[in-house]
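Colleague: As given, the protein sequences belong to chains C and G, one line each in that order. All residue numbers in the first sequence are consecutive under the numbering used here, ending with 537. All residue numbers in the second sequence are consecutive under the numbering used here, ending with 378. We put the beta carbon where it would ideally sit given N, CA and C, even for glycine.
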Amino acid sequence: MPDNFTSVPESKIVPKKRGRISFVWVIPIVAAIAGGWIAVDKIMSEGPKITITFQSGDGLDAGKTKIMYDGLPVGKLTAVKMADDHKHVIATAEMDPKAKDFLVKDTKFWVVKPRMTGLSFSGLGTILSGNYIGVEMGQSQESERSYIALDAPPIVAHDTPGRFFMLKTAELGSLNQGTPIYYRQLQAGEVVSWELDPTGHFLNVKVFIQSPYDKFVTPDTRFWQASGIDMTLSANGLHVETQSIMSILAGGIAFETPTTDSPQPPAGANAAFTLYNDRSTAFRPPPRDPQSYLLVFNQSVRGLTVGAPVTMNGVTVGEVTAITAEFDAKTATFTVPVTVSLDPARYGVKFLEVPAGEDSRAIHRKMMDTVVAKGLRAQLKTGSLISGALYVSVDFYPDAPPATMDWAQNPPRVPTMPGSIEGIESSLAGIMKKIDQMQFKEISDDLRKTFGELDKTLVGVRGTLTNADLLLNNAGQLVNPNSVLMQGLDGTVQEMGEAAKALRVLMDYLERHPEALIRGKTGDSK
Amino acid sequence: MNAMEQGLQSCEGCGLLSRPPAGAHEGVCPRCDEKIHYRKPKSLEKTLAYVIAAAVCYIPANLLPVMTTITSGDRESDTIMQGVVLLWSPHGWPLSLIVLFASIMIPSAKIVALGYLLFTVRRGSLENNAQRTRLYRIVEIVGRWSMVDVFVDTFTVALIQLQPLMSVEPAIGLFFFAAVVVLTMLAVESFDPRLIWDGKVQHA
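Next up, the structure:
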């Protein structure tokens, strides 16, 4: 068989180099190097992954929502999913490798979306660009990878110089996060947050006063609600006080430090202050050693409220602290014991200077006994006839029936006088009685008689008026231009005019020739 | 019996059957000057190298994004698989399936098929020879269609350039994907299907 193929031509021989390993292996090696390099690059450029827990996933978009620091993206959400408890949203974010320093324990994250704090808007840019996550770098050194997002952006940036203070208030009023705080009508800080005190009796409002205003906050500083307008009507006229239009609309807090001879050092951070309702309350001196007294009234105290002022010659020296009713079984009468708290500081500081070794209570007792003996009595008075509000007036009534302090009672009882309301009532009753006694029948008869006479008088008056009319007509004829009188008058006036003309000629001549007075008229011959 | 056993070679260019000169294995076709061998030289080695390279490139091709869509400053990169998921919708699922087949299943099937052929040829297995040859033909025919995905991407990149609003850029994964397609085609090219029938015969 092989012989059959002898006619098949032979191929030529070409010498050939032979490498042991084919060149083709370069390709997988290059591929492996390229793949490996890409992989290393990917791993190197991969930033830390963090998880952030949000209250709601509103506006969070996996793969789109960015984490921005100072307007620059530092990360991106990669996944958003429900927490196992179905109450929170857990977002996974991949951070920029350079943002590693950010990820410490007290770093804060929050969703930036359009919101209104007070009257200022923030995050308006996100309407177009979509929500993003804001981040504030923490100070801690401890690294952290899982966070809980804030509900709202932090009011105060971490690096803003200033200090935090706590304000205690019974009511929040119109305060809100971001409510401005004014110092001499300059915005000096903001309300950061608030929380109910564990006792539930008041709120703790956390405020931030930025530098340099924070150094004006001393232990003496008073804070008050500056929301709205303070109007006082005094002898000087109407006085309106307000911080700014903004504070009228959105509320605000103002603070002021009373100027004293010895300036106090600035208050420590997180020092607590009371938030007063207005400036005047804020600057009212705090009661020192308040004294409670009992006043027993035998009249209605309708209109008297707890907190009603106790005045002495019109000066407020205390307030009503309790009003009760008491039935006295012995006399079968109702009485109204009213407890008042008097502030000795308001009616004499000297009085407080207790000599060493003496009991201040004994001094009080002695003083009260003396003044009551001189006629000091408490009395209910009407503050406003319209509202019927009552106040307690303490005054001296030397003519009052003698009475003494009752120190056996607790608090000690101060004698009272029947109030002005009773006085008004009794005099009103007297007036009513007199009105009752009036003889209306006779009065009306008299009136009728008087009216009849008045009628006659009026007829007479009509005659008089007719005469007056005639008189006036005659007078009118007198001044008529054709009347004799008027013509005579006319002639007189003309002559007077001519006399005046002659006089003027004479005066002119005399002015030019004063010598004529002596020499006589020389004539025009010269 | 086959040509090689008889010491004969056929030209791959013009099909002319020739006999190597005495003492030599390879020569040049006397009719068309094409190099002729009994079998493609180093066929298994080259195919193996290409298949390994393709397999290496296949990983980044699927893990890295192939396309970056930029819409008003927002960059969004998609891998092939994300594209498949994106296209999957009640009406678009056929398109999604096409991408899935052309871009993910065919390249991987090619690599596996070539690997299988290499393995069986190396072992000198003679079972299912007809089937394996058919497998080789299918791999050869179907392979080039994987390029469709690369073309679609390049077209998209060229067409969607609405600069400020939206633009599409090719991403690194696309280059790896193109490399996979080209490398598998090269692997198919360098594989000599005649080897399937050679059994344990020593081949050059």
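#1: Could you check where the alpha helix (DSSP H) with T180 (chain C) kicks off and where it finishes?
#2: For A104 (chain C) and L237 (chain G), I'd like the C-alpha separation in whole angstroms.
#3: E526 (chain C) by DSSP, collapsed to three states: which one?
#4: Pick helix, strand or coil for H375 (chain C), following the three-state DSSP scheme.
#5: What is the DSSP secondary structure of Q256 (chain G), reduced to helix, strand or coil?
#6: Roughly how far, in whole angstroms, is the beta-carbon of L387 (chain C) from the beta-carbon of V403 (chain C), given that I think they are within contact range, below 8 Å?
#7: With distances taken between CB atoms, is the gap from V240 (chain G) to L357 (chain G) smaller than 8 Å?
#8: Can you give me the C-alpha to C-alpha distance between Y408 (chain C) and V383 (chain C), rounded to a whole angstrom?
#9: Sorted by chain position, which residues of the same chain lie with C-beta nearer than 7 Å to A345 (chain G)'s C-beta, five sequence neighbours on each side aside?
#10: Are the beta-carbon atoms of I9 (chain C) and T64 (chain C) separated by less than 8 Å?
#11: Does the beta carbon of A199 (chain C) sit closer than 8 Å to a beta carbon anywhere in chain G?
#12: Spatial neighbours of E363 (chain G) within its chain, please: CB distance less than 6 Å, with the 5 preceding and 5 following residues excluded, ordered by chain position.
#13: Count Cβ pairs between the segment 221-233 of chain G and the segment 285-294 of chain G that sit closer than 8 Å; are there 3 or more?
#14: Mind checking which residues open and close the alpha helix (DSSP H) that includes N303 (chain G)?
#15: Could you spell out the range, first to last residue, of the beta strand (DSSP E) harbouring V351 (chain C)?
#16: Quick one: what does DSSP say A539 (chain C) is sitting in, helix, strand or coil?
#17: Determine, using beta carbons only, whether W205 (chain C) and L161 (chain C) come nearer to each other than 8 Å.
#18: Output, in chain order, the set of chain G residues within a Cβ distance shorter than 9 Å of G136 (chain C).
#19: Secondary structure at Q66 (chain C), three-state DSSP: helix, strand or coil?
#20: By the 10 Å Cβ neighbour count, where 16 or more other Cβ atoms means buried, how is K537 (chain C) classified, buried or exposed?
#21: Check this for me: beta carbons of P234 (chain G) and F350 (chain G), under 8 Å apart or not?
#22: DSSP three-state label for Q183 (chain G), please.
#23: Using the beta-carbon of each residue, which ones in chain C are nearer than 9 Å to S320 (chain G)?
#24: Rounded to whole angstroms, how far is the Cβ of F219 (chain C) from the Cβ of G173 (chain C), which I believe are closer than 8 Å?
#25: What is the residue span of the beta strand (DSSP E) that A102 (chain C) lies within?
#26: By how many angstroms is the C-alpha of T346 (chain C) removed from the C-alpha of Q310 (chain C)?
#27: Would you say E219 (chain G) lies against chain C (beta-carbon separation less than 8 Å)?
#28: Using CA atoms only, rank isn't needed, just tell me which of G:R213, G:G187 and G:R193 is closest to I24 (chain C).
#29: Which partner residues of K209 (chain G) appear in the DSSP bridge assignment?
Modeller: With the given structure in hand:
#1: Numbered from 1 along the first sequence, position 169 holds the residue referred to as residue 180 (chain C). Unbroken run through T180 (chain C) is the beta strand (DSSP E), G173 to T180; no alpha helix (DSSP H).
#2: In the first sequence, residue 104 (chain C) corresponds to position 93, counting from 1. In the second sequence, residue 237 (chain G) corresponds to position 63, counting from 1. The straight-line gap from Cα to Cα measures roughly 19 Å.
#3: As a first step, residue 526 (chain C) is located in the first sequence; it is residue number 515 there, counting from the start. Coil at E526 (chain C), not helix or strand.
#4: Stepping through the first sequence from its first residue, residue 375 (chain C) is reached at position 364. Helix at H375 (chain C).
#5: The residue labelled residue 256 (chain G) in the question sits at position 82 within the second sequence. Three-state DSSP puts Q256 (chain G) in a helix.
#6: The sequence position of residue 387 (chain C) within the first sequence is 376, counting from 1. The sequence position of residue 403 (chain C) within the first sequence is 392, counting from 1. With a Cβ gap of about 12 Å, L387 (chain C) and V403 (chain C) do not count as contacting.
#7: Walking along the second sequence from the start, residue 240 (chain G) turns up at place 66. Walking along the second sequence from the start, residue 357 (chain G) turns up at place 183. No; because the gap between Cβ atoms is not below 8 Å, this pair is not in contact.
#8: On the first sequence, position 397 is the one that residue 408 (chain C) refers to. On the first sequence, position 372 is the one that residue 383 (chain C) refers to. One C-alpha to the other measures close to 9 Å.
#9: One-based indexing of the second sequence puts residue 345 (chain G) at position 171. Result list for A345 (chain G): L238, P239, V240, M241, T242 and S251, in chain order.
#10: Past the edges of chain C, shown from 12 to 537, lies residue 9 (chain C), and the structure says nothing about it.
#11: Working through the first sequence from its first residue, we reach residue 199 (chain C) at position 188. It does not; no Cβ of chain G falls within 8 Å.
#12: The residue labelled residue 363 (chain G) in the question sits at position 189 within the second sequence. Closer than 6 Å at Cβ, skipping near neighbours: no residue.
#13: Flag = yes, the segment 221-233 of chain G and the segment 285-294 of chain G touch.
#14: Your numbering for residue 303 (chain G) matches position 129 in the second sequence. N303 to G317 is the extent of the alpha helix (DSSP H) around N303 (chain G).
#15: The count along the first sequence starts at 1 and reaches residue 351 (chain C) at position 340. T344 to L353 is the span of the beta strand (DSSP E), which, as asked, contains V351 (chain C).
#16: Outside the shown range of chain C (12 to 537) lies residue 539 (chain C), about which nothing can therefore be said.
#17: Residue numbering aside, residue 205 (chain C) sits at position 194 when the first sequence is read from its first letter. Residue numbering aside, residue 161 (chain C) sits at position 150 when the first sequence is read from its first letter. Contact: no.
#18: Along the first sequence, read from residue 1 onward, the residue named residue 136 (chain C) stands at position 125. Correct list: empty, because the minimum Cβ distance to chain G is about 13 Å.
#19: Within the first sequence, residue 66 (chain C) is the residue found at index 55, counting from 1. Reduced to three states, the DSSP call for Q66 (chain C) is coil.
#20: Working through the first sequence from its first residue, we reach residue 537 (chain C) at position 526. With a pLDDT of 44 at K537 (chain C), under the threshold of 50, the modelled position of this residue cannot be trusted, and the question is left open.
#21: Along the second sequence, one-based indexing puts residue 234 (chain G) at 60. Along the second sequence, one-based indexing puts residue 350 (chain G) at 176. Yes, they are a contact pair.
#22: On the second sequence, position 9 is the one that residue 183 (chain G) refers to. Three-state result, Q183 (chain G): strand.
#23: On the second sequence, residue 320 (chain G) is found 146 positions in, with the first residue counted as 1. Among the residues of chain C, none has a CB under 9 Å from the CB of S320 (chain G); the nearest is roughly 17 Å distant.
#24: Against the first sequence, residue 219 (chain C) aligns to sequence position 208. Against the first sequence, residue 173 (chain C) aligns to sequence position 162. About 6 Å separates the beta carbon of F219 (chain C) from that of G173 (chain C), a gap short enough to meet the 8 Å contact definition.
#25: Locating residue 102 (chain C) in the first sequence gives position 91, counting from the first residue. V100 to M106 is the extent of the beta strand (DSSP E) around A102 (chain C).
#26: Numbered from 1 along the first sequence, position 299 holds the residue referred to as residue 310 (chain C). Numbered from 1 along the first sequence, position 335 holds the residue referred to as residue 346 (chain C). Answer to the nearest angstrom: the Cα atoms are 7 Å apart.
#27: For the purposes of this step, residue 219 (chain G) is identified with residue 45 of the second sequence, where counting begins at 1. Among the CB atoms of chain C, one or more fall inside 8 Å of the CB of E219 (chain G).
#28: Stepping through the first sequence from its first residue, residue 24 (chain C) is reached at position 13. Comparing Cα-Cα distances from I24 (chain C) to each of G:R213, G:G187 and G:R193, the minimum goes to G:R193.
#29: In the second sequence, residue 209 (chain G) corresponds to position 35, counting from 1. Note: K209 (chain G) sits in a beta bridge opposite G:V202.
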